[in-house]
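These notes concern the structure reproduced below.
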Amino acid sequence: MSKKLFLLLLGLTLLLVNAPAAVAQVHHLTIGLIGDSTVATTYGWGPAFEEQCTGEAKVLHFAKNGATLESLSKRMDELLQYRPDYVIIQFGHNDQKKYGPDVYRTKLTSYIQRAKQVGVKPIVFSSVTRRNFGDDGKIQPRVANLKGDLPSFAATAEAVAKEQGVPFVDLYRISVNHHNTIGPGASQAYNFNPTDTTHFSPEGADATAKLIIAALRTEVPELDPFFD
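Below, the structure is given as structure tokens:
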């Protein structure tokens, strides 16, 4: 056997021997997103969140405009069939139009338990705030014609997460503090259109995704390597 051929075969052998180790070092992660329009691909923060993940993280978009925990129950089951590593659950804006925090608690608990039953790790989010300001220049929760305000639903989400032993991101508090800090003028850049203070412009989605990822780095630190 020639020296050149020997070296070539030796190189191929070493490559094959080391290949499993190289593959093992590549970590892949799947994160499912389920919620209402503030998460969805239309004008929610979901796409911006995906853009700020590394190539090793895959995001499954199952949020839908106008959704409640009740209306997306079957869609949750569909998402779980993909067996993502994590599922982020954020509801409240439309739920509060249909039922109060007690019913919300029951339905949110069901989502969490169903995820855990199939080995998927749930992460509970409270709702991102609507960007409605009072005369004092601070966020004013909407209360008219609703079964409960967003602070009440956020407190319920936190209580359920604690009861179920799963991570909780208080996106309501985080987003309220953020918009109270930047003020009504700067907050307008987040609007999907001049009168839409709920959904996001690309700038608003990007900024909100950054707030979310900063919180996840703390609350779910094992996700940190999967964010840019």
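Residues -24 to -1, 1 to 204 in mature numbering (1 follows the signal peptide of the UniProt record, and there is no 0) are what the sequence shown spells out, letter by letter. From the three backbone atoms N, C-alpha and C, an ideal C-beta is built for every residue, glycine too.
{"Item": "Assigned exposure category for G193 - 16 Cβ within 10 Å defines buried", "Value": "Checking the sequence shown, residue 193 turns out to be Arg, not Gly. Exposed, since its Cβ has fewer than 16 Cβ neighbours within 10 Å."}
{"Item": "Close beta carbons around G124, own chain, < 6 Å, minus the five adjacent residues each side", "Value": "Q72, G76, P77"}
{"Item": "Alpha-carbon to alpha-carbon, G159 and T6", "Value": "35 Å"}
{"Item": "Sufficient close CB pairs (3 or more, under 8 Å) joining the segment 11 to 20 to the segment 174 to 193", "Value": "yes"}
{"Item": "Collapsed DSSP secondary structure at V63 in the structure displayed", "Value": "strand"}
{"Item": "Nearest-angstrom Cα separation, counted from K83 out to N167", "Value": "30 Å"}
{"Item": "Identity of the residue in S103, G141, A131, F144 nearest T174 by Cα", "Value": "S103"}
{"Item": "Residues of its chain near Y80, where Cβ-Cβ distance is below 7 Å and the 5 sequence neighbours each way are ignored", "Value": "L45, D71, F129, T132"}
{"Item": "Collapsed DSSP secondary structure at P98 in the structure displayed", "Value": "strand"}
{"Item": "Spatially closest choice to Y148 from P170, H69, A91, V96, by CA coordinates", "Value": "H69"}
{"Item": "Which of helix, strand or coil DSSP assigns to H37", "Value": "strand"}
{"Item": "Counterpart residues of V145 in DSSP-defined beta bridges", "Value": "F101"}
{"Item": "Given D53 as reference, the closest of T171, F38, D146, T14 once Cα atoms are compared", "Value": "F38"}
{"Item": "N167 in three-state terms, based on DSSP", "Value": "strand"}
{"Item": "DSSP-derived helix/strand/coil call for T6", "Value": "strand"}
{"Item": "Among L126, S13, P127, S49, nearest to A91 - alpha-carbon criterion", "Value": "S49"}
{"Item": "Proximity of V94 and F144 at Cβ, strictly below 8 Å", "Value": "no"}
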